[in-house]
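Chains as they are written, first to last, in this note's numbering: chain A, 67 to 181; chain B, 38 to 154. Built from N, CA and C at the ideal position, the CB exists for glycine as well. Presented below is the structure to which this report refers.
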């Protein structure tokens with residue numbers, strides 16, 4: 067079975083500071099990992115994915131994530147936070163490469179950026 | 038980019054009513070779509086995988102007769118909440134990958150907030 071853990075319900079960061087949103091996963095076989103962002107009363111927007119290749123993945127809006135196989139982690143990062151980054155962030159994992167296979171979401175982390 | 042459209046955005050109705058939610062892929066064909074349910078301040082729970090031209094695959098604990106899924110075309114999947122009750126009130130979201138082959142991410146609709154009085 068596959069699972070995702072986001073240990074922090076909320077992360078608070080001052081604008082301009084670096085941010086990290088943590089994610090660990092468990093999956094048999096190769097993991098296919100994703101980060102999504104959700105704004106109030108909206109669906110999810112895709113930020114980035116790790117399928118294979120470089121451990122550091124760059125995505126939308128200046129976000130990046132680092133895949134660490136030994137620690138089974140896929141933390142989301144941004145060098146300089148913006149107030150507009152405030153939203154709900156979900157890490158997700160898929161145990162199969164096919165896009166038609168289901169993905170499992172973490173519990174979500176609310177990111178709050180203060181001016 | 039790929040767009041998934043969900044309709045309606047909000048539904049408020051009386052207990053016992055059946056409610057249909059539509060999920061459309063606007064610029065691509067989706068042989069597979071996914072339906073999720075999200076409670077306030079919680080994560081997305083996968084309800085079922087909708088397959089064009091065949092029966093949906095439901096997750097454990099999801100009532101098939103309660104949540105009817107129809108995927109009659111390559112661009113449309115519908116979720117019908119039958120005889121809805123207040124406990125069915127939730128935020129329902131659909132998603133679809135642009136292609137079933139390869140490793141594309143899923144694209145999500147903007148969700149439907151269902152309130153049963």
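Contact of residue 126 of chain B with chain A is not assigned, every C-beta pair being separated by 8 Å or more. A contact is defined here as three or more CB-CB pairs under 8 Å, and the region 62 to 70 of chain B meets this definition with respect to the region 84 to 91 of chain B. Spanning the alpha carbons of residue 117 of chain B and residue 125 of chain B requires a straight line of approximately 12 Å. One thing to note: residue 102 of chain A has its Cβ within 8 Å of the Cβ of residue 156 of chain A. Taking 9 Å as the upper bound on Cβ-Cβ separation, chain B lies near residues 98, 100, 102, 104, 107, 108, 109, 110, 111 and 112 of the region 98 to 112 of chain A. Residues of the same chain with a CB within less than 6 Å of the CB of residue 143 of chain A, apart from the 5 flanking positions on each side, are 86 and 130 in chain order.
In the three-state DSSP reduction, residue 124 of chain B falls in the helix class (H, G or I).
Taking C-beta atoms as the reference points, residue 127 of chain B and residue 55 of chain B fail to come closer than 8 Å. By the Cβ rule, the region 95 to 108 of chain B does not count as touching the region 146 to 153 of chain A, because fewer than three pairs are nearer than 8 Å.
When C-beta distances to chain B are compared with 9 Å, the residues of the region 170 to 181 of chain A below that value are 170, 171, 172, 173, 174 and 176, in chain order.
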